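Residue numbers (the working numbering), protein chains in the order written: chain A, 1463 to 1682; chain S, 1463 to 1682. Here is the structure we will look at, set down as structure tokens.
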DNA sequence: ATTTATTTTTAGGCTAATCTAAAAAATAAA
DNA sequence: TTTATTTTTTAGATTAGCCTAAAAATAAAT
């Protein structure tokens, strides 16, 4: 249950890649890890023999549950440390990444749980990315129209579930992009349209069809 | 100006050993590092070629100024993290060492200086050992009878220079232990006895013989 | 459906930090 | 002062994580 910093970095990188492509390729990981493809293959064999991922040569790979669990814990540590650096040590949000890359490999479970409590269980890091809780559950993105957290809670756009130029044009026109912070102001039962407030803008309304395509997460 | 965790550990261990014996031996370091003597010799050659210590084969070794400087910075980091763990994350003083062994190798200078400020520039770690400041200066323990800092400055017992049961009984009776905070109230020139104030206690007086055995450091 | 290009893997090396076993130097003892 | 003991160093391996260069498998193009 103890992995080298390097292995943890691989698991984390694979985790991020496999949310985009369900099968990850050697080359993609080589780019992400800034390493040569041959090195990736070496490490894949080790991670496979430790039963952290499924992998068949020439066919790509993906984490299994065990691998995901570890990756998520590393991500949790990374984001909690970033939060600590910004909110307690007065770092700028743009200068915390490198330091967190080191801190995320400290192994004490107690350390990270106490840190979490000390920080009051934050749900988003300084870049707005969700911080998984100690059981590994993310403050997971939800469709804007199905949002269950209360009105006026700050939310942040994490993805758009359609890449058709029609919806992108619409969102672009309303200045809604990945990362945009917004709040729900009102839901109209008549047509399930939603009134939103984006910072420094007049309130805008989106239809149910649009809201279905926008994924947001809690961002308090 | 960047050294591996392993090298930092060697420098730190040598630093501690050379306060006791001015020339450190391969075997002594092997014991301290829990490694075989052959491994020590290997590393000594590397550290020598990096100009961190003086070393002649078969003759022992000691850190030069550059080596000491690095060792002290590692010790500073270790002790600041211990302080953080105890005072902010509610660790017990007896469970912080291992975690600090990892944290001390994080390389960001800014991190450690911001942490220092966040903690309000503490001068002693949870074990009562002095924390060097950012320039590397120690708040070093002094014999209670030779104390040069002003009256009523809070001081903290860092060690007792004798383990005979006679003196331990006396100190125990007066509730003076390692870690006890006290202030000097008065020095009597007649017999060099000293009047002390320990928190929540009536003032007490100790003889010169006792004061000589008590080492304290500044603890404001 | 071959040929060509790309991707991935294998084969063999390198470095840091460790180890064991054996040789050499220093120290202690007879 | 020679011999024995202890300490230290050398010599040669090992492991993790990376590399380059070449071979093998897959994918793309004609």
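Just so it is clear, CB atoms sit at the ideal spot from N, CA and C, and this is done for glycine as well. Owing to the predicted nature of the structure, the values given are computational and were not obtained by experimental measurement.
Query raised in the report: Relative to the C-alpha of residue 1530/A, which residue among 1476/A, 1590/A and 1654/A is closest?
Result: With distances taken between Cα atoms, residue 1530/A lies closest to 1476/A.
Requested in this report: Return the residue from the list 1641/A, 1488/A, 1636/A and 1669/A that minimises the CA-CA distance to residue 1446/A.
Outcome: Because chain A is modelled from 1463 through 1682, residue 1446/A falls outside the range shown and cannot be assessed.
Query raised in the report: With distances taken from CA atoms, which of 1583/A, 1578/A, 1637/A and 1665/A is nearest residue 1649/A?
Result: Ranked by Cα distance from residue 1649/A, the options 1583/A, 1578/A, 1637/A and 1665/A are led by 1665/A.
Requested in this report: Answer yes or no: does any C-beta atom of chain A fall closer than 8 angstroms to that of residue 1576/S?
Outcome: It does: the Cβ of residue 1576/S has a partner Cβ on chain A nearer than 8 angstroms.
**Report entry** Strand pairing of residue 1582/S, partner residues [DSSP]
**Finding:** According to DSSP, residue 1582/S bridges with nothing at all.
Query - Contact residues within the segment 1548-1573 of chain S, judged by C-beta distance below 9 angstroms to chain A - result: Within the segment 1548-1573 of chain S, the residues whose Cβ lies closer than 9 angstroms to any Cβ of chain A are, in chain order, 1550, 1551, 1552, 1553, 1557, 1560, 1561, 1564, 1565, 1567, 1568, 1569, 1570, 1572 and 1573.
Query raised in the report: Taking a cut of 7 angstroms between CB atoms, which residues from the segment 1575-1609 of chain A lie near chain S?
Result: Residues of the segment 1575-1609 of chain A with a C-beta atom less than 7 angstroms from some C-beta of chain S are 1576, 1577 and 1580, listed in chain order.
**Report entry** Range covered by the beta strand (DSSP E) that runs through residue 1655/S
**Finding:** Per DSSP, the unbroken beta strand (DSSP E) holding residue 1655/S starts and ends at 1655-1660.
Query raised in the report: When we look at the beta-carbon of residue 1634/S and count the other beta-carbons within 10 Å, is it buried (16 or more) or exposed?
Result: Exposed, since its Cβ has fewer than 16 Cβ neighbours within 10 Å.
Query raised in the report: Does the segment 1538-1548 of chain A come close enough to the segment 1562-1577 of chain A that 3 or more CB-CB pairs lie under 8 angstroms?
Result: Yes, the segment 1562-1577 of chain A touches the segment 1538-1548 of chain A.
Query raised in the report: If we call anything under 8 angstroms between Cβ atoms a contact, is residue 1485/S one with residue 1519/S?
Result: No, these two residues do not count as a Cβ contact at 8 angstroms.
Report task. Spatial neighbours of residue 1597/A within its chain, please: CB distance less than 8 angstroms, with the 5 preceding and 5 following residues excluded, ordered by chain position. Result -> Residues of the same chain with a CB within less than 8 angstroms of the CB of residue 1597/A, apart from the 5 flanking positions on each side, do not exist.
Query raised in the report: For residue 1604/S, which option in 1497/S, 1679/S, 1528/S and 1464/S has the closest C-alpha, if you only look at C-alpha atoms?
Result: Taking each of 1497/S, 1679/S, 1528/S and 1464/S in turn and checking the Cα distance to residue 1604/S, the smallest one comes out for 1679/S.
Query raised in the report: In the structure shown, what three-state DSSP assignment does residue 1489/S receive?
Result: In the structure shown, residue 1489/S sits in a helix (DSSP, three-state: H, G or I).
Query - CB contact flag (residue 1590/S, residue 1641/S, <8 angstroms) - result: Their beta carbons are under 8 angstroms apart, which means residue 1590/S touches residue 1641/S by this criterion.
Query raised in the report: Cβ atoms of residue 1676/S and residue 1619/S: under 8 angstroms apart, would you say?
Result: In contact: residue 1619/S and residue 1676/S (Cβ atoms closer than 8 angstroms).
Query raised in the report: Buried or exposed: where does residue 1607/S fall if 16 or more other Cβ atoms within 10 Å of its Cβ makes it buried?
Result: In summary, residue 1607/S is buried, with 16 or more beta-carbon neighbours lying within 10 Å of its beta-carbon over all protein chains present.
Query - Best match in 1656/A, 1621/A and 1517/A for proximity to residue 1482/A [C-alpha to C-alpha] - result: Nearest in C-alpha terms to residue 1482/A, of all of 1656/A, 1621/A and 1517/A, is 1621/A.
Query - beta strand (DSSP E) segment containing residue 1597/S, residue limits - result: Counting along the chain, residue 1597/S falls outside any beta strand (DSSP E), and DSSP gives it neither H nor E.
Query raised in the report: Going straight from the alpha carbon of residue 1491/S to that of residue 1479/S, what length do you get?
Result: Approximately 8 angstroms, taken between the alpha carbons.
**Report entry** Range covered by the beta strand (DSSP E) that runs through residue 1679/A
**Finding:** Per DSSP, residue 1679/A belongs to the beta strand (DSSP E) from 1676-1680.
Query raised in the report: Using CA coordinates, which residue listed in 1636/A, 1569/A and 1470/A is at the minimum distance from residue 1495/A?
Result: For the residues 1636/A, 1569/A and 1470/A, the minimum Cα distance to residue 1495/A belongs to 1470/A.
Report task. Write down the C-beta distance between residue 1681/S and residue 1617/S rounded to the nearest angstrom, noting that I regard them as a contact closer than 8 angstroms. Result -> With 8 angstroms as the limit, residue 1681/S and residue 1617/S qualify as a contact, their Cβ atoms being about 6 angstroms apart.
**Report entry** Proximity below 8 angstroms, CB of residue 1594/S to CB of residue 1534/S
**Finding:** The answer is yes: Cβ separation under 8 angstroms.
**Report entry** Reference residue 1566/A; option with closest CA among 1626/A, 1545/A, 1551/A and 1601/A
**Finding:** Ranking the options by Cα distance to residue 1566/A, first place goes to 1545/A.
Report task. Measure the alpha-carbon distance for residue 1505/A versus residue 1493/A and round it to whole angstroms. Result -> Computed Cα separation, rounded: 14 angstroms.
Query - Contact belief for residue 1577/S with residue 1580/A at Cβ below 8 angstroms, rounded distance in angstroms - result: With 8 angstroms as the limit, residue 1577/S and residue 1580/A do not qualify as a contact, their Cβ atoms being about 13 angstroms apart.
Query raised in the report: Among 1626/S, 1588/S and 1502/S, which one has its Cα closest to the Cα of residue 1556/S?
Result: Of 1626/S, 1588/S and 1502/S, the smallest CA-CA separation from residue 1556/S is found for 1588/S.
**Report entry** Beta-ladder partner(s) of residue 1667/A, from DSSP
**Finding:** 1657/A.
**Report entry** heavy atom of the ligand ATP below 7 angstroms from residue 1585/S C-beta
**Finding:** Annotation note on the ligand ATP: not contained in the displayed structure, which lists no ligands.
Requested in this report: Give the secondary structure of residue 1516/A by DSSP, where H, G and I count as helix, E and B as strand, and everything else as coil.
Outcome: Residue 1516/A: strand per DSSP, three-state reduction.
Query raised in the report: Are the beta-carbon atoms of residue 1647/S and residue 1657/S separated by less than 8 angstroms?
Result: It is a contact, given that the beta carbons lie within the stated cut-off.
Query - Range of the contiguous beta strand (DSSP E) that encloses residue 1558/A - result: No beta strand (DSSP E) contains residue 1558/A, which DSSP labels as neither H nor E.
Requested in this report: Would you kindly check if the distance between the Cβ of residue 1516/A and the Cβ of residue 1465/A is under 8 angstroms?
Outcome: For the 8 angstroms CB-CB criterion, residue 1465/A and residue 1516/A do not form a contact.
Query raised in the report: For the putative contact between residue 1592/A and residue 1583/A, defined by C-beta atoms under 8 angstroms, what is the C-beta separation to the nearest angstrom?
Result: That pair is no contact at about 12 angstroms.
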